[in-house]
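These notes concern the structure reproduced below.
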Amino acid sequence: MAPEENTTRTPSSAGARNPLPRREARERANDFEEVALGFSLAVALAEAKRCLQCRRPSCVKGCPVGIDIPGFIKALAEERFEDAVRVLKDRNSLPGICGRVCPQETQCEAACVLGRKSEPVAIGTLERFVADWEQEHLGLPPVTTPTPGAAKVAVIGSGPAGLTAAADLARYGYQVTLFESLHAPGGVLRYGIPEFRLPRAVLDREVEYVRSLGVNVATDVLVGKTVTLHELMQEEGFSAVFIATGAGLPYFLRIPGENLGGVYSANEFLTRLNLMKAYRFPEYRTPIRVGKRSAVIGGGNTAMDSARSALRMGSEVSILYRRTRAEMPARAEEVKNALAEGVILKELTVPVRMIGNSAGQVTAVECQSTELGDPDASGRRRPQIVPGSEFLVPADTVVVAVSQSPNPLLPQSEPRLERREDGRLVVNPETGETSMPGVFAGGDIANDAGTVIAAMGDGRRAARAIHHYLQQVRAVGNRDDE
Amino acid sequence: MVGYKIVSKRALAPTVTLAEVVAPRVARKAKAGQFVMIRVDERGERIPLTVADKDAQAGTITIVFQEIGYTTRQMAGLEVGDTLADVLGPLGQPTEVRRYGRVVCVAGGVGIAFIYPQVRAFAEVGNEITSILGARTKELLFFVEEIRALSRDLHLATDDGSTGRHGLVTDVLGDLLAQGARYDYCIAIGPIPMMKAATGLTKRYHLPTLVSLDPIMVDGTGMCGSCRVTVGGEIRFACVHGPDFDGHLVDFDELMKRKRAFVQEERCLLEDSADELEAQRAKTGQ
Numbered sequence: 003m004a005p006e007e008n009t010t011r012t013p014s015s016a017g018a019r020n021p022l023p024r025r026e027a028r029e030r031a032n033d034f035e036e037v038a039l040g041f042s043l044a045v046a047l048a049e050a051k052r053c054l055q056c057r058r059p060s061c062v063k064g065c066p067v068g069i070d071i072p073g074f075i076k077a078l079a080e081e082r083f084e085d086a087v088r089v090l091k092d093r094n095s096l097p098g099i100c101g102r103v104c105p106q107e108t109q110c111e112a113a114c115v116l117g118r119k120s121e122p123v124a125i126g127t128l129e130r131f132v133a134d135w136e137q138e139h140l141g142l143p144p145v146t147t148p149t150p151g152a153a154k155v156a157v158i159g160s161g162p163a164g165l166t167a168a169a170d171l172a173r174y175g176y177q178v179t180l181f182e183s184l185h186a187p188g189g190v191l192r193y194g195i196p197e198f199r200l201p202r203a204v205l206d207r208e209v210e211y212v213r214s215l216g217v218n219v220a221t222d223v224l225v226g227k228t229v230t231l232h233e234l235m236q237e238e239g240f241s242a243v244f245i246a247t248g249a250g251l252p253y254f255l256r257i258p259g260e261n262l263g264g265v266y267s268a269n270e271f272l273t274r275l276n277l278m279k280a281y282r283f284p285e286y287r288t289p290i291r292v293g294k295r296s297a298v299i300g301g302g303n304t305a306m307d308s309a310r311s312a313l314r315m316g317s318e319v320s321i322l323y324r325r326t327r328a329e330m331p332a333r334a335e336e337v338k339n340a341l342a343e344g345v346i347l348k349e350l351t352v353p354v355r356m357i358g359n360s361a362g363q364v365t366a367v368e369c370q371s372t373e374l375g376d377p378d379a380s381g382r383r384r385p386q387i388v389p390g391s392e393f394l395v396p397a398d399t400v401v402v403a404v405s406q407s408p409n410p411l412l413p414q415s416e417p418r419l420e421r422r423e424d425g426r427l428v429v430n431p432e433t434g435e436t437s438m439p440g441v442f443a444g445g446d447i448a449n450d451a452g453t454v455i456a457a458m459g460d461g462r463r464a465a466r467a468i469h470h471y472l473q474q475v476r477a478v479g480n481r482d483d484e
Numbered sequence: 008m009v010g011y012k013i014v015s016k017r018a019l020a021p022t023v024t025l026a027e028v029v030a031p032r033v034a035r036k037a038k039a040g041q042f043v044m045i046r047v048d049e050r051g052e053r054i055p056l057t058v059a060d061k062d063a064q065a066g067t068i069t070i071v072f073q074e075i076g077y078t079t080r081q082m083a084g085l086e087v088g089d090t091l092a093d094v095l096g097p098l099g100q101p102t103e104v105r106r107y108g109r110v111v112c113v114a115g116g117v118g119i120a121f122i123y124p125q126v127r128a129f130a131e132v133g134n135e136i137t138s139i140l141g142a143r144t145k146e147l148l149f150f151v152e153e154i155r156a157l158s159r160d161l162h163l164a165t166d167d168g169s170t171g172r173h174g175l176v177t178d179v180l181g182d183l184l185a186q187g188a189r190y191d192y193c194i195a196i197g198p199i200p201m202m203k204a205a206t207g208l209t210k211r212y213h214l215p216t217l218v219s220l221d222p223i224m225v226d227g228t229g230m231c232g233s234c235r236v237t238v239g240g241e242i243r244f245a246c247v248h249g250p251d252f253d254g255h256l257v258d259f260d261e262l263m264k265r266k267r268a269f270v271q272e273e274r275c276l277l278e279d280s281a282d283e284l285e286a287q288r289a290k291t292g293q
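In order, the protein sequences belong to chains A and B.
Just so we're aligned: the first sequence equals residues 3 to 484 in this note's numbering.
Just so we're aligned: the second sequence equals residues 8 to 293 in this note's numbering.
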């Protein structure tokens, strides 16, 4: 695997940040292997030594789960690798995932004081290095069994929020069951994020770690259908529940032609490729069809993931976005990666209808040009259609990646759960507690942050709140017994 | 992996198999009209199958499938004691079972398996049932006596005339309606062209008609939108809003085209796996 040229310089602990080596764009655009290569030992140590070890570190405040960032970096710089693992895992059960998919540039690294004069420490890549070191050098810890007689807690949804909460709750000593509707745990980490950003071996290992803490993972259970929330609490003896069912309902554009063959929601496109491994069809049995020319509609990380996946399936890919690159909600790094791999960005472009042939197969997207007007409620400049600017973008595959709404299935199955107008659950922002006693919620079903790490922060906060809640319940119970 | 064990299996007709599978949570909850998502093994696709029956005490559900693509052929080759990797359910909305009065139930092909629980449910609440069952040929008909026992009258139709009316179920339905038979409700389950024809007929008689759709699905929980259908001009997801819909509002032509989205890939998979399926068949002695 040949790294890109600019990354082969000598490791440096003074001055500029050591760049993250990536596989060369032309090579990586043809397969689903991981794009970013991570640091070598020498570079990791050099980068770790760049850290100033601030006494009042601002980076920690930028981390939604409050990792002792200088602490793990210090241990790493001193080559105390196991200590570095321990410090990381004290706050983050899934460092191999966070080190890869967290938007550090807007969080911990944005707060790094080095960033004021030069460039921040590459905290994310160091986190990834420590996690990968652990995977390579340490076995999984022996499986812990929950404290006998400990209260049972149900965690619904095994994405980042659910995995984090389950791990924390198991550490508190509870009997935790993690319910997942799909056949494999991980939620969006499994069905949404492609392998070239998050190898499944890394995800599998993190899930095994959560299992080793004593968490029972129950797949093929759709709470609300297979079993109700009420039954979990009244019949199956769960004393508390954490709902982390994510944003599972795809939006469509509601424009003509959207149900033509070859038009996928990003969820369908990515689920076929990632969860079902359709890129290995027919060895894996789930089909996908990606044509010669693909159009991906949207400007978020999901749009980037879809575009880069379509590219890897051998398609020419255009991203259609109604604003400009500067307003894209996707991570700047992912946009850069996509463009380097050959994805074409058509800015100021809004689809108005999809055109198909007699077999019902999409052949083109009719678009209009936009120009940016005054800022809207989100602070981004509002795109306005330029009259008479219609043009065709030929495409035999179209992926609609224009955000998602919360999965309504569980909220609708339990009338006692109070919902907001946008479908999300009403929660106490400090604790994640819902309108139902003993029921907590976090991640995209409760908040609209939409990042893996924000969901993990929710999971962590809720686990602590559930612990307090159960301690109170027990204290009251003991008093009643007297 | 625990797996979902097959505890019994029998052929209902050539290429149509009934199997009972251990799935206690699903068995406790499933109602008429609901379905499960099944995955046979680690490399398998997820396919929706109607829950044809259940036994909550035994913890089993009954599924019926016709060998069409790779997965259904692979399933036909499984034996009692084998397991399915995954069974998720029950999914979809249960059929709204009400006492309408006179209900005509029209089913074609493997749709007979799926209308059977509906016939039973509608008969149980006191409806008077007329059943019309059809298939290509006599030996592809099944559940005839079971459904006859629940019906006031039962009509058969075969494409080749080997039993019952020489023609389609919709020919029978058309004649009954033309002769002045009065119904308060119709249920039509079968191939898309059959449901389209049946709803076309009943619309003329202002006869409310329920259809059960089985578009392509991936997750079956409302997440992917692969199963979207146009109903009354609106996008609906068959997996969460359906699979039952008002047949007079469904865009069947679009559904038909969407259902054929992966025909080429399915053919390629069948060719690719011909040896494997052949070997499996030889092993199970079928």
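We put the beta carbon where it would ideally sit given N, CA and C, even for glycine.
- Within chain B, the residues placing a beta-carbon under 7 Å from that of residue 287 of chain A are 50, 51, 52, 77, 78, 276, ordered along the chain.
- Between residue 67 of chain B and residue 34 of chain B a beta carbon distance of about 6 Å is seen, short of the 8 Å cut, so the two are scored as contacting.
- Counting along the chain, no beta strand (DSSP E) covers residue 256 of chain B, and no H or E run does either.
- If you look at residue 139 of chain B, you'll find it isn't in any alpha helix (DSSP H); it sits in the beta strand (DSSP E) that goes 135-142.
- Contact annotation: residue 446 of chain A and residue 426 of chain A have beta-carbon atoms nearer than 9 Å.
- One finds nothing in chain A with a Cβ atom closer than 8 Å to the Cβ of residue 101 of chain B; even the nearest lies about 11 Å away.
- Classified as exposed, residue 15 of chain B has fewer than 16 neighbouring CB atoms from the shown chains inside 10 Å of its CB.
- Residue 139 of chain B sits buried, since 16 or more C-beta atoms from the chains shown fall within 10 Å of its C-beta.
- Below the 9 Å Cβ cutoff, chain B contributes no neighbours of residue 443 of chain A, its closest Cβ being approximately 18 Å away.
- If only complete runs of 3 or more residues are kept, the stretch 233-317 of chain A shows the beta strand (DSSP E) at 240-245, 265-267, 295-299, in order along the chain.
- Listed along chain A, the residues sitting closer than 7 Å to residue 269 of chain B by beta-carbon distance are 289, 291.
- At a cut-off of 9 Å between beta-carbon atoms, residue 221 of chain A makes contact with chain B.
- For the beta strand (DSSP E) assignment, the uninterrupted runs of no fewer than 3 residues enclosed by the stretch 176-252 of chain B are, from N- to C-terminal side, 192-196, 216-219, 235-238, 241-244.
- Sequence-distant Cβ neighbours of residue 371 of chain A in its own chain, meaning closer than 6 Å and more than five residues away, are 350, 388, 391.
- Here residue 174 of chain B carries a coil assignment [DSSP, helix/strand/coil].
- Put simply, of A:259, A:291, A:260 the residue whose alpha carbon is nearest the alpha carbon of residue 275 of chain B is A:291.
- Among the residues facing chain A, residue 201 of chain B is not included, as its CB has no counterpart in that chain under 9 Å away.
- Counting only residues of its own chain and dropping the five nearest sequence neighbours on each side, residue 10 of chain B has a CB closer than 7 Å to the CB of 90, 91, 92.
- Taking a cut-off of 8 Å on C-beta distances, the stretch 262-280 of chain B touches the stretch 74-85 of chain B, as three or more cross pairs fall below it.
- If you draw a straight line from the Cα of residue 155 of chain B to the Cα of residue 161 of chain B, it is about 6 Å long.
- Per DSSP, residue 374 of chain A lies in no alpha helix (DSSP H) segment; the continuous beta strand (DSSP E) that holds it begins and ends at 364-377.
- DSSP places residue 435 of chain A in the strand class (E or B) of the three-state scheme.
- Between the C-alpha atoms of residue 206 of chain B and residue 258 of chain B there is a straight-line separation of about 11 Å.
- Beyond the five residues adjoining it in sequence on each side, residue 19 of chain A comes within less than 6 Å, by CB distance, of 121, 124 in the same chain, given in chain order.
- Nearest in C-alpha terms to residue 191 of chain B, of all of B:239, B:179, B:209, B:203, is B:209.
- Counted as a single uninterrupted DSSP element, the beta strand (DSSP E) harbouring residue 162 of chain B occupies residues 160-165.
- Contact check for residue 97 of chain B and residue 12 of chain B: beta-carbon distance about 18 Å, past the 8 Å limit, so the pair fails to qualify.
- Looking at the DSSP output, residue 11 of chain B sits in a beta bridge with B:91.
- Taking 8 Å as the upper bound for CB-CB distance, residue 269 of chain A and residue 246 of chain B are not in contact here, some 12 Å apart.
- Residues of chain B with a Cβ closer than 9 Å to the Cβ of residue 361 of chain A are, in chain order, 264, 267.
- Rounded to whole angstroms, residue 133 of chain A and residue 408 of chain A show a C-alpha spacing of 31 Å.
- Residue 195 of chain A carries a coil assignment under DSSP once its states are collapsed to helix, strand and coil.
- Relative to residue 197 of chain B, the option among B:157, B:182, B:218 whose CA is nearest is B:218.
- With the rule of 3 Cβ pairs closer than 8 Å, the stretch 80-89 of chain A does not count as touching the stretch 433-445 of chain A.
- In the three-state reduction of the DSSP assignment, residue 276 of chain B falls in the helix class.
- Sequence-distant Cβ neighbours of residue 263 of chain A in its own chain, meaning closer than 6 Å and more than five residues away, are 362, 363.
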